[in-house]
Amino acid sequence: MDRELLNKMFEFHGHKCWASALGLRAGLLALEKLGVKRANVKELFVILETGYNHAAGCFGDGVQFATGCTAGKGNLIKKPRGKLAFTLIDPKQGKQIRMCFNPKIREKIANSSFMKKRSAGVPPTEISPEEVMEVVNLVLDSPVEEVLLIGNVEDSHFDPPHEVMGMAICDICGEMVARPYLRLIGSGQACEVGELKKVCIDCSGYEEGFEK
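Be aware that the sequence shown starts at 2, since it is given in our numbering, and climbs by one per residue.
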């Protein structure tokens with residue numbers, strides 16, 4: 002593992018930890034297996050299976066950094082399953098590969114002083130660098146088959162979502178809104194147009210989740 006690249010990923014992530022390092026290793030390997038380079042725009046997509054509010058969710062930042070599939074670009078798709086796993090998709094080739102954490106190494110990680118302190122509620126930034134790097138090096142230096150379950154390169158039928166360009170102003174709050182998230186509210190009878198307003202979801206009165 003290129004240590005300069007690793008440190009750049011840690012800087013992006015915000016702290017040093019084994020899960021983000023594992024995500025970096027898995028992401029780089031997935032690129033290699035598909036024979037592709039890191040995405041600059043939306044050449045690639047990742048379906049990320051980490052859930053919400055789990056300490057090992059840091060895995061996802063390593064995957065984003067490695068693959069260039071990010072939340073901001075819209076080529077990172079969350080599929081919350083509570084797993085340290087993802088599928089890297091290359092729509093141009095019509096190929097994909099899935100990577101998942103191998104539980105073979107779980108006990109070694111759990112028995113590390115880093116994880117014992119994390120389990121006791123100690124933030125990773127308050128654990129000594131030596132203890133942090135002990136488990137980081139464990140996931141980076143162990144044989145890859147002990148760390149990752151590597152799927153086969155398979156045909157992909159993924160249909161990339163279309164990019165949305167248009168925006169409009171909410172008639173109530175005055176903020177810019179992407180057009181698919183605008184809602185029409187107002188009065189009117191059947192076959193008649195009343196006083197309709199184009200508004201954002203928060204101003205619409207619709208229940209949360211209506212936009213999905």
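A virtual CB, placed ideally from N, CA and C, is assigned to each residue, including glycine.
Quick caveat, the model's predicted, so the values are computed rather than measured.
Alpha carbon to alpha carbon, how far is residue 85 from residue 39? Numbered from its first residue, the sequence shown carries residue 85 at position 84. Numbered from its first residue, the sequence shown carries residue 39 at position 38. Near 20 Å, if we compare the C-alpha coordinates of residue 39 and residue 85.
Can you check whether the CB of residue 178 is closer than 7 Å to the CB of residue 201? Against the sequence shown, residue 201 aligns to sequence position 200. Against the sequence shown, residue 178 aligns to sequence position 177. A contact, by the Cβ cut-off of 7 Å.
Quick one, are the C-beta atoms of residue 67 and residue 28 less than 7 Å apart? The sequence position of residue 67 within the sequence shown is 66, counting from 1. The sequence position of residue 28 within the sequence shown is 27, counting from 1. Yes, they are a contact pair.
From residue 212 to residue 182, what distance separates their C-alpha atoms? Numbered from 1 along the sequence shown, position 211 holds the residue referred to as residue 212. Numbered from 1 along the sequence shown, position 181 holds the residue referred to as residue 182. Bear in mind that a pLDDT of 48 at residue 212, under 50, signals an unreliable position, so the model cannot answer this.
Supposed close pair residue 2, residue 26 - CB separation, criterion 8 Å: For the purposes of this step, residue 2 is taken as the residue at position 1 of the sequence shown. For the purposes of this step, residue 26 is taken as the residue at position 25 of the sequence shown. About 7 Å separates the beta carbon of residue 2 from that of residue 26, a gap short enough to meet the 8 Å contact definition.
Taking 8 Å as the limit between beta carbons, can you name the residues of its chain near residue 81, skipping five residues before and five after? Position 80 of the sequence shown, counted from the start, is the residue given in the question as residue 81. Same-chain partners within the cutoff: 50, 51, 52, 53.
Using the beta-carbon count (16 or more within 10 Å), is residue 91 buried or exposed? Residue mapping note: residue 91 aligns to position 90 of the sequence shown, counting from 1. The residue is buried, with at least 16 neighbouring Cβ atoms inside 10 Å.
C-beta atoms of residue 148 and residue 19 nearer than 7 Å: Sequence index remark: in the sequence shown, residue 148 carries index 147 (1-based). Sequence index remark: in the sequence shown, residue 19 carries index 18 (1-based). With respect to residue 19, residue 148 sits apart: the two C-beta atoms are not nearer than 7 Å.
Taking just the CA atoms, how far does residue 7 sit from residue 93? What you label residue 93 is simply residue 92 of the sequence shown in a count that begins at 1. What you label residue 7 is simply residue 6 of the sequence shown in a count that begins at 1. Distance between the alpha carbons of residue 93 and residue 7: 28 Å.
Got a sec, what are the start and stop residues for the alpha helix (DSSP H) residue 3 sits in? Within the sequence shown, the letter at position 2 stands for residue 3. For residue 3, no alpha helix (DSSP H) run applies, since DSSP gives it neither H nor E.
So, is residue 142 buried or exposed, given that buried needs 16 or more other C-beta atoms within 10 angstroms? Taking the first residue of the sequence shown as position 1, residue 142 is located at position 141. Taking a 10 Å sphere around the C-beta of residue 142, we find fewer than 16 other C-beta atoms and assign the residue as exposed.
On the CB-based measure, 16 or more other CB atoms within 10 Å of its CB, does residue 120 come out buried or exposed? Here the question's residue 120 lines up with position 119 in the sequence shown. Residue burial annotation: residue 120 is exposed, with fewer than 16 other C-beta atoms found within 10 angstroms of its C-beta.
Nearest-angstrom Cβ-Cβ length linking residue 47 and residue 88, presumed shorter than 8 Å: Position 46 of the sequence shown, counted from the first residue, corresponds to residue 47. Position 87 of the sequence shown, counted from the first residue, corresponds to residue 88. Residue 47 to residue 88, Cβ: 7 Å. Contact.
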